[in-house]
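> Below you'll find the structure I mean.
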Amino acid sequence: MEFTLDQVASLLNGKVEGDGSKVVNRLDKIQEGKPGGISFLSNEKYENFIYETEASGVIVSENFQARKKIKATLIRVKDAYAGFTQILEAYAQFTKNSKSGIEEPSFIDPSSNIGTNFYRGAFSYIGKNNKIGDNVKIYPNVTIGDNVTIGDNCILHPGVKIANDVVIGSFCEFHSGAVIGSDGFGFAPLEDGTYKAIPQIGNVIIEDHVSIGANSTVDRATMGSTIIRRGAKIDNQVQIAHNVIIGENTVVAAQAGISGSTEIGKNCVIAGKAGIVGHLKIADKTTIGANTGISKSIVEPGQTLLGYMGFDLKLFLKSYAVFKNLPILQDRLRELEKKQ
Amino acid sequence: MEFTLDQVASLLNGKVEGDGSKVVNRLDKIQEGKPGGISFLSNEKYENFIYETEASGVIVSENFQARKKIKATLIRVKDAYAGFTQILEAYAQFTKNSKSGIEEPSFIDPSSNIGTNFYRGAFSYIGKNNKIGDNVKIYPNVTIGDNVTIGDNCILHPGVKIANDVVIGSFCEFHSGAVIGSDGFGFAPLEDGTYKAIPQIGNVIIEDHVSIGANSTVDRATMGSTIIRRGAKIDNQVQIAHNVIIGENTVVAAQAGISGSTEIGKNCVIAGKAGIVGHLKIADKTTIGANTGISKSIVEPGQTLLGYMGFDLKLFLKSYAVFKNLPILQDRLRELEKKQ
Amino acid sequence: MEFTLDQVASLLNGKVEGDGSKVVNRLDKIQEGKPGGISFLSNEKYENFIYETEASGVIVSENFQARKKIKATLIRVKDAYAGFTQILEAYAQFTKNSKSGIEEPSFIDPSSNIGTNFYRGAFSYIGKNNKIGDNVKIYPNVTIGDNVTIGDNCILHPGVKIANDVVIGSFCEFHSGAVIGSDGFGFAPLEDGTYKAIPQIGNVIIEDHVSIGANSTVDRATMGSTIIRRGAKIDNQVQIAHNVIIGENTVVAAQAGISGSTEIGKNCVIAGKAGIVGHLKIADKTTIGANTGISKSIVEPGQTLLGYMGFDLKLFLKSYAVFKNLPILQDRLRELEKKQ
Numbered sequence: 278m279e280f281t282l283d284q285v286a287s288l289l290n291g292k293v294e295g296d297g298s299k300v301v302n303r304l305d306k307i308q309e310g311k312p313g314g315i316s317f318l319s320n321e322k323y324e325n326f327i328y329e330t331e332a333s334g335v336i337v338s339e340n341f342q343a344r345k346k347i348k349a350t351l352i353r354v355k356d357a358y359a360g361f362t363q364i365l366e367a368y369a370q371f372t373k374n375s376k377s378g379i380e381e382p383s384f385i386d387p388s389s390n391i392g393t394n395f396y397r398g399a400f401s402y403i404g405k406n407n408k409i410g411d412n413v414k415i416y417p418n419v420t421i422g423d424n425v426t427i428g429d430n431c432i433l434h435p436g437v438k439i440a441n442d443v444v445i446g447s448f449c450e451f452h453s454g455a456v457i458g459s460d461g462f463g464f465a466p467l468e469d470g471t472y473k474a475i476p477q478i479g480n481v482i483i484e485d486h487v488s489i490g491a492n493s494t495v496d497r498a499t500m501g502s503t504i505i506r507r508g509a510k511i512d513n514q515v516q517i518a519h520n521v522i523i524g525e526n527t528v529v530a531a532q533a534g535i536s537g538s539t540e541i542g543k544n545c546v547i548a549g550k551a552g553i554v555g556h557l558k559i560a561d562k563t564t565i566g567a568n569t570g571i572s573k574s575i576v577e578p579g580q581t582l583l584g585y586m587g588f589d590l591k592l593f594l595k596s597y598a599v600f601k602n603l604p605i606l607q608d609r610l611r612e613l614e615k616k617q
Numbered sequence: 278m279e280f281t282l283d284q285v286a287s288l289l290n291g292k293v294e295g296d297g298s299k300v301v302n303r304l305d306k307i308q309e310g311k312p313g314g315i316s317f318l319s320n321e322k323y324e325n326f327i328y329e330t331e332a333s334g335v336i337v338s339e340n341f342q343a344r345k346k347i348k349a350t351l352i353r354v355k356d357a358y359a360g361f362t363q364i365l366e367a368y369a370q371f372t373k374n375s376k377s378g379i380e381e382p383s384f385i386d387p388s389s390n391i392g393t394n395f396y397r398g399a400f401s402y403i404g405k406n407n408k409i410g411d412n413v414k415i416y417p418n419v420t421i422g423d424n425v426t427i428g429d430n431c432i433l434h435p436g437v438k439i440a441n442d443v444v445i446g447s448f449c450e451f452h453s454g455a456v457i458g459s460d461g462f463g464f465a466p467l468e469d470g471t472y473k474a475i476p477q478i479g480n481v482i483i484e485d486h487v488s489i490g491a492n493s494t495v496d497r498a499t500m501g502s503t504i505i506r507r508g509a510k511i512d513n514q515v516q517i518a519h520n521v522i523i524g525e526n527t528v529v530a531a532q533a534g535i536s537g538s539t540e541i542g543k544n545c546v547i548a549g550k551a552g553i554v555g556h557l558k559i560a561d562k563t564t565i566g567a568n569t570g571i572s573k574s575i576v577e578p579g580q581t582l583l584g585y586m587g588f589d590l591k592l593f594l595k596s597y598a599v600f601k602n603l604p605i606l607q608d609r610l611r612e613l614e615k616k617q
Numbered sequence: 278m279e280f281t282l283d284q285v286a287s288l289l290n291g292k293v294e295g296d297g298s299k300v301v302n303r304l305d306k307i308q309e310g311k312p313g314g315i316s317f318l319s320n321e322k323y324e325n326f327i328y329e330t331e332a333s334g335v336i337v338s339e340n341f342q343a344r345k346k347i348k349a350t351l352i353r354v355k356d357a358y359a360g361f362t363q364i365l366e367a368y369a370q371f372t373k374n375s376k377s378g379i380e381e382p383s384f385i386d387p388s389s390n391i392g393t394n395f396y397r398g399a400f401s402y403i404g405k406n407n408k409i410g411d412n413v414k415i416y417p418n419v420t421i422g423d424n425v426t427i428g429d430n431c432i433l434h435p436g437v438k439i440a441n442d443v444v445i446g447s448f449c450e451f452h453s454g455a456v457i458g459s460d461g462f463g464f465a466p467l468e469d470g471t472y473k474a475i476p477q478i479g480n481v482i483i484e485d486h487v488s489i490g491a492n493s494t495v496d497r498a499t500m501g502s503t504i505i506r507r508g509a510k511i512d513n514q515v516q517i518a519h520n521v522i523i524g525e526n527t528v529v530a531a532q533a534g535i536s537g538s539t540e541i542g543k544n545c546v547i548a549g550k551a552g553i554v555g556h557l558k559i560a561d562k563t564t565i566g567a568n569t570g571i572s573k574s575i576v577e578p579g580q581t582l583l584g585y586m587g588f589d590l591k592l593f594l595k596s597y598a599v600f601k602n603l604p605i606l607q608d609r610l611r612e613l614e615k616k617q
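Chains as they are written, first to last, in our numbering: chain V, 278 to 617; chain U, 278 to 617; chain F, 278 to 617.
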């Protein structure tokens, strides 16, 4: 994908200052600009870099006034950041939608339907009785089981596995290696110390605009459904157990884990490596800090928790400050005891 | 899979009350019952739901006495829960065993043997000199290396990877994306600060009735074997390092990690996100709490441990209660010091 | 692979004592030696095992003097450990390089180049405009996107996924299920509580001699590059977020996670389950203990940190020792207060 700076300016309704015939094929940070790249300057803190950058072009705002000579061609637009974002999205859109058609060999059972304008990569597998919408991209080595529903405009990156009976909305994205609908971890202890598997016959429902990160796992419900609601964003290597419900627009960062039957509210933020035990309810707008453990339901919305057994962020930080001083505290206590 | 309620009653030796010709194709929780589903009522706490459920049928115990009118057809059996479990298992059995035969293209080296009644999904790969038993299901995009042994009645879900030399017993299940037999993490530091890989030439042995969760990893031994003993159940995203031994009927929950050469006893329970350092021995029937770190061997069987550097559960909870009060404790100490 | 002990001795310039015609096909630990295996005795602590081992052959040092009768054939070499390592490497080399050629069906776009002496396993996928060096092994069910560069002598184990634009050096190894170049986790919050994906258009650069463990994930940069420098060794299930830089010869153990834009120095050791928040700089030669959380940059090189919010190892251990005594400390404080 190569464009002249004149073409970029035309896309953005911008004005070129300098050589508009230079060709760019890359977006660069201004401090890392190299020939063939286009950057932007929006934050004043980065102004010094514009005098040194080797980027071929830089997008600047209308009212930017240079204090020194600039080697790069400038493209002046109303708002430099918005302009750059526009290119960023055009670029990403172009890249993501570049695949289409069928690569062979790929496998689709004749009982399954797929809409128009799809991509089915080589070695992708689509089992029986699936209903797949329009504009869906199924990358190589993806496996989709039986009786799966997938809405429009979804992207399944290489190696994603969708198990039987999963229901997926529209505009969802599954990153490489994600597993949706694996069996919940349910084993009944028997008297002789062995375990018997409890059949996991529920499914997973994923609503619209959900993103699931690379190598994350979402288990099917024992009965009923594990549900990820509209707009939730799940990072890499997250574990979501059977019968969990993740609320609308809730964000779960990498390596977090949510145990069985827990229900997370709307617009929560769960930071990396956090762990939540099973059968809890977490109120809307709760923020759970990194590596925080939650073992009780959170009833009041809008709290921020931190710690091994998470409690209020500020109180935790105070306790941890004293924890670091504990040996000194102990010495002071001994001194007092001696004086008695 | 559709049945009439009369057919279900016949399977369970039950008695129908109401319309037995209604068709069901789904198992529902009673509080989420919808037409076309069959539920059960066993726990009295849920009795109110039976008067409101929209499930087509509900399995109840012989001695259940309705206090109000019920819309659903009832199936009376000796024990409602046992009856429901029977259907659950029949349902799961039916689903899991529905695949058979060979889907093309799939790959098997002519030097490998596979027993009778198997399923080999499209894009599954079986390398050289493998011995695979009867009733084995190998789902799409599974890769099996060379010199692998797999017993009877095993299930390898989509995208599972079994490396060379792995030995697997019977009735084992591997969930999607699990990796068995990847190289152990062994690097010898050299004088110039670089590292040299130590060849990992051991294997992995997995005994009968073992379950390994989605995207879990079990490394091969440096020499000898990493061993997972009979009946152990491993959840999703668990890491088991080289030369580890997991004892019989030990359960390891999601995102736990066990470092190299550690030996876990029988009938232990290791909760989610727990971490155990290398070269330890953990006694039988040890329970290790969620996100607990273990850095010393556990000699006495039957203990329960919790905490960042895990110790006795009750003592940990007491210490953590004081931890939450540390700022107040510190203030009290200051007060005392002033009075001296 | 079978050899006589005479052949092994010849390889090592060693001297046979006993039956050199015995055939071996396995390397065993001396305490687990079985017929058909060859072991070594280097550490005196293990001497007793040589009198009991059932291994067919044992490599010993020139000056080893047996105190009892030994059943196994001995091979005397200058340094037993070095001799054994030599066999270990020969064995591993032999195993790893045994695959070559093309297995069908596999997929390579005609616009991609691959060097000489390669292995392309069945169901492996190579997209457009890739440049792949010599002696590269691409195992079954690997997916490589578009515009990827891979140097010489790399190994991609089954099910590895390399996304578009990734640049990989020489002598790199990617274990099963690793995902390189998945989208960074970047979402801009909108006023209505929903999130909008920020296009992730950067790439991943992996320098020479890097190893990435099974099911680990390395996200592409938002812009610019996520970089893993020469000689870094990454274990299983590690998460490396967008725009992270891992320094030369840094080792990251299993289930550790490094958040976006953090820069780790050279020759660091990051233990299992450690978590580092985003936008930090970690000095060279820093050691971060297991399950340690790091929320501030580390400026001084060579420190060792431990703890939930990691600080100096020794100070942490002292604080934790007092933490275990907190209930007693609290009682002592109460006693003092009563006496006032």
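No residue lacks a Cβ here, since even glycine has one placed at the ideal position from N, Cα and C. These numbers come from a predicted model, not from an experiment.
When we look at the beta-carbon of F:A598 and count the other beta-carbons within 10 Å, is it buried (16 or more) or exposed?
exposed
> Does the beta-carbon distance from V:I315 to V:V285 come in below 8 Å?
yes
> Who are the Cβ neighbours of V:L351 in its own chain at under 7 Å, not counting the five residues just before and after it?
So the qualifying residues of the chain are E294, G295, V335 and V337.
> Please compile the residues from chain V whose C-beta is within a distance smaller than 7 Å of the C-beta of F:D460.
H452
> Quick one: grab the DSSP three-state call for U:A551.
coil
> Verify whether the separation of the beta carbon atoms of F:E525 and F:R497 is less than 8 Å.
no
> Does the structure place the segment 352-369 of chain F close enough to the segment 395-406 of chain F that three or more beta carbon pairs sit under 8 Å?
The segment 395-406 of chain F vs the segment 352-369 of chain F: no contact.
> Inspect the CB distances between the segment 575-594 of chain V and the segment 593-611 of chain U and report whether three or more fall short of 8 Å.
yes
> Is U:N568 closer than 8 Å to V:G552 when the C-beta atoms are compared?
It is a contact, given that the beta carbons lie within the stated cut-off.
> Exposed or buried, which one is U:G534 when buried takes at least 16 other CB atoms within 10 Å?
Per the 10 Å Cβ criterion, buried.
> Exposed or buried, what is V:T393 when buried is set at 16 or more other beta-carbons lying within 10 Å of its beta-carbon?
exposed
> What three-state label does DSSP hand U:Q477 in the structure shown?
coil
> Would you call the segment 605-612 of chain U and the segment 607-614 of chain F touching, i.e. three or more CB-CB distances under 8 Å?
Yes: at least three Cβ pairs fall under 8 Å.
> For V:T281, write down the residues that DSSP places opposite it in a beta bridge.
BP columns for V:T281 point to V:V300.
> What would DSSP say about U:Y396, mapped onto helix, strand or coil?
Strand at U:Y396.
> How is U:D608 classed by DSSP in three states: helix, strand or coil?
helix
> With a Cβ-Cβ cutoff of 8 Å, do V:K573 and V:L590 count as a contact?
no
> Does DSSP put F:Y472 in a helix, a strand or coil?
Strand at F:Y472.
> From F:I517 to F:A491, what distance separates their C-alpha atoms?
For F:I517 and F:A491, the distance between alpha carbons rounds to 13 Å.
> Kindly indicate which three-state DSSP category U:Q660 falls into: helix, strand or coil?
Outside the displayed span of chain U (278 to 617) sits residue 660 of chain U, for which this structure offers no information.
> Between which two residues does the beta strand (DSSP E) harbouring V:V293 extend?
K292 to E294
> Between the alpha carbons of U:E324 and V:I575, how many angstroms are there, rounded?
Between U:E324 and V:I575, the C-alpha separation is close to 28 Å.
> Output needed for U:R303: all residues of its chain with C-beta closer than 7 Å, excluding positions within five of it in sequence on either side, in chain order.
Residues G313 and G314 of the same chain have their beta carbon placed closer than 7 Å to that of U:R303, with the five preceding and five following residues left out of the count.
> Would you kindly work out how many angstroms separate the C-alpha atoms of F:D485 and U:G463, rounded to a whole number?
18 Å
> With a cut-off of 8 Å on the beta carbons, I'd call V:A343 and V:I307 a contact; round off their distance for me.
Contact flag wrong, Cβ pair sits at about 14 Å.
> Looking only at DSSP bridge pairs, what is F:V444 linked to?
F:T426 and F:I482
> Which partner residues of U:S316 appear in the DSSP bridge assignment?
U:V335
> Run through the DSSP bridge pairs and tell me what U:K354 is partnered with.
The sequence given here has Val at residue 354 of chain U, not Lys. Looking at the DSSP assignment, U:V354 forms a beta bridge with U:S338.
> What are the residues in the segment 473-502 of chain U lying within 8 Å of chain V by C-beta distance?
Considering only beta carbons, the part of the segment 473-502 of chain U lying closer than 8 Å to chain V consists of H486, S488, G490, A491 and N492, in chain order.
> Do U:L282 and U:G297 come within 8 Å of each other at the CB atom, strictly closer than that value?
yes
> Rounded to the nearest angstrom, what separates V:P428 and V:G410 at their Cα positions?
With the sequence shown as reference, residue 428 of chain V is identified as Gly, and Pro is not the correct amino acid for it. The alpha-carbon atoms of V:G428 and V:G410 are separated by roughly 5 Å.
> Could you name the residues of the same chain whose beta carbon sits closer than 7 Å to that of U:N480, not counting the 5 residues immediately before and after it, in chain order?
D442, V443, V444, G458, R497, A498 and S502
> Going along chain U in order, which residues have a C-beta closer than 8 Å to the C-beta of F:Q617?
L613 and K616
> Report buried or exposed for V:I504, applying the criterion of at least 16 other Cβ atoms within 10 angstroms of its Cβ.
buried
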